[in-house]
Structure formats: C-alpha cells, structure tokens
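Residue numbers (my numbering): 273 to 859.
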C-alpha cells in the first residue's frame with residue numbers, strides 16, 4: 273500500500289461513518305502560545321473540544337501535519353521522526369468510547385486487513401486524578417481481543433494531553449501490532465517488548481487540566497484519535513524501517529546520489545542518512561508553512577535552525593563539502609506537492625532559506641571550532657556564546673566538548689539553559705510591542721499610517737509572493753515601519769512596483785469597511801492575520817476594496833484617498849529571513 277492510498281482509505285472510511293473531512297491546519301498553532309508547533313491533530317481543534325461549535329459539525333477527520341522535537345536525539349532509529357502526518361478522527365460531543373473503539377478496530381481488521389492475532393491494546397490503570405478505564409477494556413474484549421492482550425498502564429503511557437500546559441485531556445487506549453515475522457505473537461502483551469509497535473491511539477477527552485494543576489470534568493466529552501501515517505505504512509508493507517516506505521525512498525535515493533554512498537553501507541551511514549532525511553523534510557515543511565517561518569535564534573526559528581544545522585553536520589560527517597540541503601528539499605517538494613500544495617507555492621522561499629542557512633553555517637562553523645580549540649574549560653555562558661555567535665546547537669557543543677575531553681555536565685547545561693531562557697525572554701519582551709498593532713498613539717496621522725501598512729503588506733505579497741507575512745510593525749505620526757518575511761534585499765524595480773501598487777490603491781479612493789466575524793469565518797474568507805497572536809473567538813476584519821483583507825483591531829481611516837500619497841524611504845534587513853521597510857504617507 274502507498275502513502276496516498278492509506279491517506280485516502282482512512283478519510284473515505286470515516287467519511288462513510290458521517291465524518292466531515294477538514295484540511296490540515298498550519299504547523300504553527302493559532303490559539304496556543306504555550307507550544308511552538310502543532311504536535312497533534314487535536315491542536316487546531318482545542319476551541320471546539322472545549323465546547324465551541326465547529327462549522328463542519330460534530331464528527332471530523334483529517335490528515336494533519338505535525339512537528340515534535342522533544343525526542344530529536346532518537347531520530348536516526350527506524351521509527352522516530354520530527355515531522356510526521358497524523359491520521360485523525362474526532363467526536364465533538366457526539367459518540368464516545370464504544371463507537372470510537374469499534375470504528376478503530378474495524379478499520380484495522382476489515383479495511384487494512386491486519387490479523388487479530390497480531391493486535392494488542394492498552395488502557396489507563398487509574399490514579400488520583402481519574403479512575404481505572406475498565407469500560408475501554410470491556411469493549412476491546414467484546415470485539416475479540418483476549419484479556420491477556422489488554423494491558424493496564426499508568427498515566428505516563430495511557431493518558432494524553434493537554435497539548436500545552438492546560439487544556440483538554442483524558443485517558444487513552446493504544447493499539448499495538450506485532451512486527452516480528454520470525455515468531456508468533458506472544459499470547460500475553462508486554463508493552464516493553466519493542467516488537468509490539470504502537471499504531472493508533474484513541475483519546476477520550478473527559479477532563480480539562482486547569483492552571484492550578486487540577487482536573488475538572490469537561491461538559492462535552494470528546495474523542496480524539498491519532499494514527500501515525502509513517503509507522504502504519506511500514507507495518508502494512510511488512511517493513512521494520514519507516515525510511516524504506518515510499519514516503520522516504522525518493523529522499524534516501526537522492527541522499528545516496530549526493531554522497532555517493534549506500535543507505536545500508538554501515539550503521540553510521542544509515543543513521544546519518546536517516547537524520548538528514550528526517551530533518552530536511554521537517555525543515556522543508558516548516559519553511560513551506562503559510563506562516564513564513566525563517567531560521568533564527570528564537571522560538572520556531574530556533575528549532576528550524578537546529579534541524580537544518582544538525583542535518584548539515586551529519587552531511588559533513590559523510591564527507592560532503594558542497595551545499596546540499598536544497599537538493600534534498602527539491603525532492604521532498606516534488607514528493608508532497610500534490611498533498612500539500614503550499615510546498616510548491618513557497619518553493620523559492622524554501623530553497624533560498626536553505627541555501628542561505630547552509631552557507632551561513634559553513635562560514636561560522638570553522639570560526640566556531642577554532643574558538644573551541646582555545647578553551648581550556650567550557651562553562652554554560654561559554655556554551656551560550658558559541659550558540660549565539662556561531663550557531664552551535666547544544667548537542668553539538670556537547671559532542672565537541674567530549675572530543676576534547678572538556679567537562680560539560682548537568683551543571684554547565686543548566687547554566688546554558690538559564691542563559692538561553694534569558695535570551696528568549698528578552699526577545700519576547702522586545703517583540704511584545706511589535707505585535708500589538710505597533711501604534712504609538714491614536715492620532716489621525718498614526719491612523720493613516722496604520723491603514724497604509726495594510727496596503728503595503730498586500731502590495732508586498734502581490735510583488736514578492738505569498739510567502740510574505742507581517743513579522744512586526746511600529747507606526748508613529750511621522751512614519752510607518754513594517755517587518756516582513758522575505759529572504760532577499762528588494763531590487764529598485766520591486767520597490768517601485770510596491771509603491772505604484774499602493775499609490776494606485778490610494779488614487780482609487782477605495783472604501784475601508786469593517787465586520788465582526790468568528791475567527792474561523794475570517795480565515796475562510798481569506799483574511800490575513802498575525803496568527804501567532806491569540807485572537808478572541810470574534811475578530812474584526814478590515815477590508816480595503818478588493819486590495820486587502822486583514823484581521824485587525826483598528827483604528828483605520830474611512831477611505832484610501834485620505835492618504836494622498838505613499839513613499840518608501842528605506843528597505844533593510846531586520847533579522848535572518850526578515851526585511852524591514854520604512855515609509856511615509858502624505859499629510
């Protein structure tokens with residue numbers, strides 16, 4: 273079975289069971305500042321899991337793009353990935369345990385034809401927060417799973433959520449498949465035997481974890497299920513290595529071609545190729561996301577940089593000297609473009625960012641290693657300086673310290689983490705003002721500048737492409753300043769084109785209208801927004817003729833003619849992958 277056949281089979285099965293198919297959300301969560309990436313299919317659905325009404329109804333399914341980097345060091349084995357696709361179905365206050373488990377069981381045994389004698393499951397054993405889940409165990413037994421194949425496990429194993437620090441959560445029931453073809457599956461299920469591979473997880477969201485760490489029952493009981501595409505695809509094709517599936521084989525073949533080595537040459541080569549394939553796949557999807565993330569030293573940009581640079585380091589271990597990451601990304605875009613068209617749409621941005629980051633890292637790598645050679649000891653603050661000045665991720669610092677017999681233990685790592693947290697806090701504090709509209713005051717001239725900023729952003733997207741997103745703004749009565757995602761200096765022709773578009777919109781004296789709608793409706797009508805912000809359920813959408821549509825708190829003028837004229841006075845770099853424009857409007 274191919275990956276596309278599995279995606280389609282899953283979606284069509286749940287569609288036949290009354291579920292609406294919804295698209296994958298962005299990798300960058302809209303409504304949860306406590307996490308950097310969408311880590312599960314339920315993430316974009318949190319408002320509805322808490323009782324909000326979803327426009328598509330109470331029964332939903334999709335294939336969701338996800339990124340998890342908590343176990344990045346485990347990437348390189350057969351099953352761990354930082355980017356993965358999650359097949360999911362949800363009940364928002366509709367069916368619960370009985371129907372959910374029965375549908376999961378039938379899909380596995382009747383649609384995918386997995387034999388019952390190779391299946392096992394686990395349920396929550398209970399603790400002070402919630403009781404033992406005998407109900408799920410009874411349902412599995414009625415469907416034909418023997419008691420010996422049903423394990424009661426603690427919260428660490430059979431409890432899901434919340435995705436952040438608070439939110440919906442509950443006990444889960446996991447499904448496992450016996451992967452060893454050389455021996456029959458044991459009669460008794462042992463969750464510690466690695467030959468039992470988890471393929472699906474049904475989460476029964478009965479609780480909400482509150483800020484006080486206590487759990488309260490949800491008024492609306494929900495079901496959230498997740499099946500990893502990569503792992504299930506390997507099982508269906510009798511493969512014990514996810515990298516041998518059609519999802520990875522074109523990528524691995526390209527890596528073999530670049531490095532003139534075979535995937536199975538040595539265990540070290542295999543591991544390095546897996547890490548390169550996984551990390552560049554993740555980086556390609558993060559760069560290709562609609563939010564326009566670029567490598568940086570904070571938040572999502574830091575994770576992105578870490579993935580790219582870790583892939584580069586393993587490439588250098590395999591002997592590569594030339595820039596190579598973009599070549600692998602081209603294969604990834606080609607493989608996934610029909611499922612995720614945003615990759616093709618943002619291809620130029622993806623390729624340019626990878627080349628830029630690789631060239632940048634290659635230049636600083638040598639200088640950083642020479643700095644390392646001078647060190648007789650390495651403290652946490654020294655490690656942070658290597659990170660900040662030369663882009664060395666923490667695990668690279670650990671490896672280099674070990675090579676040189678320099679002590680770098682828990683104390684030094686904690687010092688590094690403290691320095692890193694200070695750096696992040698400073699960055700967040702500095703950016704807080706930028707993302708609250710950036711208005712210095714509510715004067716007439718500042719309001720005009722605010723409207724001009726909307727026109728400028730729309731014009732930049734028309735001239736440069738849809739990878740352009742607002743990354744910050746500051747508007748005073750004297751001038752406007754807009755930071756936006758773009759990798760290159762604008763040419764004089766591009767600046768002129770942007771100015772002309774804005775001035776044409778001004779001359780047309782376009783009306784500016786405002787309507788209050790739900791956040792979901794705002795997205796559906798194509799309204800732009802800084803979705804890193806946590807919006808309310810109801811948002812204001814300002815529309816400027818047929819030129820611009822943005823979620824915004826205001827204020828704005830009544831029509832574009834009030835601006836009289838627009839002129840760009842400066843275009844510079846703001847940070848990696850972010851440009852800055854300063855402009856003025858006619859008084």
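Glycine is no exception: its CB is placed at the ideal position from the N, C-alpha and C atoms.
Item	Value
With distance defined between alpha-carbon atoms, name the residue in 472, 425, 311, 455 nearest to residue 375.	472
Would you kindly work out how many angstroms separate the C-alpha atoms of residue 384 and residue 776, rounded to a whole number?	58 Å
Report the residue ranges of all alpha helix (DSSP H) runs contained in full by the region 731 to 759; include only those spanning at least 4 residues, in chain order.	none
Out of 687, 591, 478, 764, point me to the one whose CA is closest to residue 527's CA.	591
Does the CB of residue 566 have a neighbour CB from chain B at under 8 Å?	Of the chains in the structure shown, none is chain B; there is only one protein chain.
Counting Cβ pairs, one atom from each stretch, are 3 or more of them under 8 Å apart for the region 762 to 781 and the region 626 to 640?	no
Considering only C-alpha positions, which residue in the set 681, 411, 844, 477 is nearest to residue 439?	477
Look at the alpha carbon of residue 609 and the alpha carbon of residue 601, and state the distance between them as a whole number of angstroms.	11 Å
Flag this pair as yes or no: are the beta carbons of residue 784 and residue 830 separated by less than 8 Å?	yes
Per the contact definition of three or more C-beta pairs closer than 8 Å, is the region 554 to 568 in contact with the region 835 to 843?	no
Should residue 720 go down as buried or exposed, given a rule of 16 or more other Cβ atoms within 10 Å for buried?	buried
Assign residue 667 to one of two classes, buried (16 or more other C-beta atoms within 10 Å of its C-beta) or exposed (fewer than that).	exposed
Out of 760, 409, 427, point me to the one whose CA is closest to residue 401's CA.	427
By the DSSP assignment, the alpha helix (DSSP H) with residue 821 in it spans what residues?	It is not in any alpha helix (DSSP H) - residue 821 instead sits in the beta strand (DSSP E) that spans 820 to 823.
Using a Cβ-Cβ cut-off of 7 Å (strictly less than) and excluding sequence neighbours within five positions of residue 511, which residues of its own chain qualify?	517
Is the region 329 to 336 close to the region 277 to 295, with three or more CB pairs under 8 Å?	yes
If you run the structure through DSSP and keep just helix, strand and coil, what is residue 603?	helix
Let me check one thing: in DSSP terms, what residues is residue 355 bridge-paired to?	339
Give me whichever residues DSSP pairs with residue 424 in a beta bridge.	395
Based on the DSSP secondary-structure assignment, which residues constitute the bridge partners of residue 469?	449
Which one or two residues does DSSP pair with residue 687 in a beta bridge?	Paired residues: none, contrary to the question.
Tell me the DSSP secondary structure of residue 838 in three-state form.	strand
In chain order, what residues of the same chain have a beta carbon less than 8 Å from the beta carbon of residue 639, not counting five sequence neighbours either side?	662
Answer yes or no: do residue 733 and residue 854 have a C-beta to C-beta separation smaller than 8 Å?	no
What residue from 722, 607, 760 has the CA that sits closest to residue 827's CA?	722
Can you give the beta carbon distance from residue 812 to residue 825, rounded, assuming they're within the 8 Å contact cut?	6 Å
Which first and last residues belong to the beta strand (DSSP E) in which residue 855 is found?	850 to 857
Can you give the Cα-Cα distance for residue 789 and residue 575, rounded to whole angstroms?	34 Å
Less than 8 Å between the beta carbons of residue 786 and residue 819, yes or no?	no
Tell me, please, whether the region 488 to 508 touches the region 356 to 365 by the rule of three or more beta-carbon pairs shorter than 8 Å.	yes
Below 8 Å between beta carbons: does that hold for residue 448 and residue 432?	no
Residue 593: buried (16+ other C-beta within 10 angstroms of its C-beta) or exposed?	exposed
Bridge partners for residue 812 per DSSP, in chain order?	788
Across the region 559 to 570 and the region 527 to 538, are there enough close Cβ pairs to call them in contact, namely three or more that are closer than 8 Å?	no
With a threshold of 16 other CB atoms inside 10 Å of the CB of residue 676, please say whether the residue is buried or exposed.	exposed
Please name the residue in 520, 297, 749 whose C-alpha comes closest to that of residue 339.	297
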